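**Student:** Residue numbers (my numbering): 1452 to 1892.
Virtual Cβ for every residue (Gly too), placed ideally from N, Cα, C.
Remember, it's a predicted structure, so these values are computed and weren't measured experimentally.
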Amino acid sequence: MGGVPSLLRDKIVVVGAKPGITGEELGLDLFSTPFHRLDARGDLPLMSGVEIQANGLINLLRQNWLVRSSSRFDTFLVVLSGVLAGFFFAWLRPLRAMIVALLCVGALVAAGILVMTQSNMWFPWSVVAFLQIPVALGWGSGSRYYIERFFRVKLGKEQQQLKDAFEKYLSPQMLDKLSEDGFKMKFGGEKVEAAMMFTDLESFTNMCERVGDAERIVEALSDYFERTTGHIFDHDGVVIKFIGDAIFAAWGAPILDPLAPLKAARGAWHLSQDDSLVVEGVNLKTRIGVHFGEVVAGNIGSRKRVDYTMIGDAVNLAARLEGLNKMFGTRILISEDVESRLGGEFHTRKLGRFRVKGRKEPTAVFELVGPVAEIDEPKWGEVYAKGVAALEGDDFEEARQCFEEVDGMRGSDGDGPSRFFLHLLERGEPIHQGVYDMTEK
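1. What first and last residue would you give for the beta strand (DSSP E) that runs through GLY1838?
2. How long is the line joining the alpha carbons of ILE1550 and GLY1589, rounded to whole angstroms?
3. With distances taken Cα to Cα, identify the nearest neighbour of TRP1516 among VAL1746, THR1568, ARG1810.
4. Between ILE1691 and PHE1699, is the Cβ-Cβ spacing less than 8 Å?
5. Determine the extent of the beta strand (DSSP E) in which VAL1886 is found, giving its start and end residues.
6. Terminal residues of the continuous alpha helix (DSSP H) containing PRO1813?
7. For the beta strand (DSSP E) containing VAL1689, list its first residue and its last residue.
8. Identify which residue in ARG1600, LYS1462, ILE1785, THR1760 has its Cα closest to the Cα of ARG1804.
9. What would DSSP say about LYS1801, mapped onto helix, strand or coil?
10. Skipping 5 residues on each side, what residues in its chain have a beta carbon closer than 7 Å to that of LYS1841?
11. If you draw a straight line from the C-alpha of THR1680 to the C-alpha of ALA1541, how long is it?
12. Apart from the five residues just before and just after ALA1715, which ones in its own chain have a Cβ nearer than 6 Å to its Cβ?
13. I'd like to know if the segment 1817 to 1830 and the segment 1788 to 1803 are in contact, where contact means that at least 3 CB-CB pairs between them fall below 8 Å.
14. Please check if any C-beta of chain C sits within less than 8 Å of the C-beta of PHE1847.
15. Which same chain residues end up closer than 7 Å to LYS1642 when comparing Cβ atoms and leaving out the 5 residues on each side of it in sequence?
16. List the residues that DSSP assigns as beta-bridge partners of ILE1698.
17. For ARG1792, I'd like the list of residues in its chain whose CB is within less than 7 Å of its CB, leaving aside the five on either flank, ordered along the chain.
18. Could you tell me the distance, in whole angstroms, from the CA atom of TYR1887 to the CA atom of GLN1724?
19. Within the same chain, show all residues whose beta-carbon is closer than 6 Å to that of GLY1838, passing over the 5 residues directly before and after it, in chain order.
20. If you draw a straight line from the alpha carbon of GLN1504 to that of ASP1480, how long is it in whole angstroms?
21. Answer with buried or exposed for LEU1559, where buried requires no fewer than 16 other C-beta atoms within 10 angstroms of its C-beta.
22. Below 6 Å CB to CB, which residues in the same chain sit around GLU1828 once its five sequence neighbours on both sides are set aside?
23. What is the DSSP secondary structure of PRO1456, reduced to helix, strand or coil?
24. If contacts are defined as beta-carbon pairs under 8 Å, then PRO1868 and LEU1802 qualify, I think. What distance do you get, rounded to the angstrom?
25. Ignore the nearest five residues each way along the sequence and tell me which others in LEU1819's own chain have a CB closer than 7 Å to its CB.
26. Would ARG1738 pass as a contact of ASN1776 if the rule is Cβ separation under 8 Å?
27. Among ARG1771, GLY1809, ARG1595, LEU1459, which residue has its Cα nearest to the Cα of PHE1539?
28. Beta carbon of PHE1482, beta carbon of GLY1500: below 8 Å?
29. Taking the straight line between their C-alpha atoms, what separation do you get for LEU1531 and ARG1544?
30. Among ARG1878, LYS1830, GLN1884, MET1889, which residue has its Cα nearest to the Cα of GLY1862?
31. In the DSSP output, which residue or residues are listed as bridge partners for THR1650?
32. Please identify the residue among PRO1881, VAL1766, LEU1735 whose C-alpha is closest to the C-alpha of TYR1675.
33. Can you list, in chain order, the residues of its chain whose CB lies under 8 Å from that of MET1860, leaving out five sequence neighbours each side?
34. Starting from SER1521, trace the alpha helix (DSSP H) in both directions and tell me its first and last residue.
35. Relative to the alpha-carbon of ALA1671, which residue among ASP1696, HIS1682, ASP1685, PRO1881 has its alpha-carbon at the smallest distance?
36. Residues in its own chain within less than 7 Å of GLN1884 by CB, not counting five upstream and five downstream?
Right, dumping it as structure tokens:
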């Protein structure tokens, strides 16, 4: 015993059970710790209390103990994680949000263990993993549901307003496309390029005065509009408005369409083949004018009453072209801006260059003769073209001969445009380089 004091001098002695003594003999002085792992048998080994005390003592001597994060850091971590997770989960669909939440929980558990074992620091990762993230997941998913529901209701109302506003202008198919394209209803207009078509029934006013039965006229006119607007809708056109017995239609707005001029020509042609209005045995034909150009299109009017319409010089020119049919005896007249965009699908003939009322610059006017796939190119077309070329070269005698030849080639009905120019030449009307000033609308 004499050597014991010197052996223990300046030492700290921890007295406990020696190895091999069972837990029963020690009064179960055995404990599990966070650093224990399962053994090969799957049991959780225990550590004796004296060993735990020794570990605590050596941690004190080395100043190497477990440090808890500050309360400010804990509060900051909990609040920030909850806010960020809540907003992040709101952007994800529920299934994806749940998967991400589980990954975040796993990452936090791993981070908590790693920080504790490597840096001896403990932070409230369990609060974030098992409280904040589940709460944020529920809040985010719920918020997403109510936000989507709000926008679905709002979008449904906007689409219904859109359908209410345009159902009288568009076919059901075009109305659905307009809704799918995200068209926004707003007051005012915007500049677009569109093809405009104006129609008019010949001698309709005189016929109304002669018949006098308004009910029969309205019934016949309704049937006429039903058939003619059907052809407009079939070619993706928009019926802007009915003006008495006339139709104002357009292509290229409110849905942009690079084929607007061609579709307008197709619609005009098919309309002209099924456009007759028979009242009291009188068959009235439709005159059509088509032009393509820049217009202002939109909901125009007052705050109390608005209509979708188009305004601009191009609209006026389309109306003027329709009116020229009356002078030429033609059915469909188109501008050069339309004719140059037909891609060779239609036979056309250039009637000449005219300065219509209200415009300073002359306009090249063409007649839509018919589809290339349905009719052969007329033999008189080349002769008429020579006449127009002679007229533009101020060779009036050559022009007269060509127009007379064409008029004879067209049979008993003759050729309206040729007779128009023959009449001008006979009267000595001023025509300079093929340009004639139209004084009537």
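**Tutor:** By the coordinates alone:
1. Counting along the chain, GLY1838 falls outside any beta strand (DSSP E), though it belongs to the alpha helix (DSSP H) covering 1831 to 1843.
2. Looking at the two C-alpha atoms, the distance is approximately 13 Å.
3. THR1568
4. Cβ distance < 8 Å, so ILE1691 and PHE1699 count as in contact.
5. 1886 to 1888
6. The continuous stretches of alpha helix (DSSP H) do not include PRO1813, and DSSP gives it neither H nor E.
7. 1689 to 1694
8. ILE1785
9. strand
10. Checking the sequence, you will find Ala at residue 1841 rather than Lys. Hits under 7 Å: GLU1849, ALA1850, CYS1853.
11. Here the alpha carbons of ALA1541 and THR1680 stand approximately 48 Å from one another.
12. ALA1646, MET1648, TRP1702, VAL1741
13. Result yes; three or more Cβ-Cβ pairs closer than 8 Å.
14. Structure shown: chain C not included; a single protein chain is present.
15. GLU1745, VAL1747
16. PHE1693
17. PRO1712, LEU1713, PHE1743
18. Answer to the nearest angstrom: the Cα atoms are 30 Å apart.
19. In chain order, ALA1850, CYS1853, PHE1854 place their CB closer than 6 Å to the CB of GLY1838, counting only its own chain and leaving out the 5 sequence neighbours on each side.
20. 12 Å
21. Buried, because 16 or more other Cβ atoms sit within 10 Å of the Cβ of LEU1559.
22. The residues are HIS1798.
23. helix
24. Indeed, because the Cβ distance is near 5 Å, the residues count as touching under 8 Å.
25. Its chain contains ALA1716, ALA1719, TRP1720, ILE1783, ILE1785, PHE1797, THR1799 as the residues whose beta carbon lies nearer than 7 Å to that of LEU1819, once the 5 sequence neighbours on both sides are disregarded; these appear in chain order.
26. By the CB criterion at 8 Å, ARG1738 and ASN1776 fall inside the cutoff.
27. With distances taken between CA atoms, PHE1539 lies nearest to ARG1595 out of ARG1771, GLY1809, ARG1595, LEU1459.
28. yes
29. 22 Å
30. LYS1830
31. ILE1739
32. LEU1735
33. LYS1830, TRP1831, VAL1834, ASP1866
34. Counting along the chain, SER1521 falls outside any alpha helix (DSSP H), and DSSP gives it neither H nor E.
35. ASP1696
36. The beta carbon of GLN1884 sits closer than 7 Å to those of GLU1843, ASP1845, all from its chain and outside the five residues before and after it, given in chain order.
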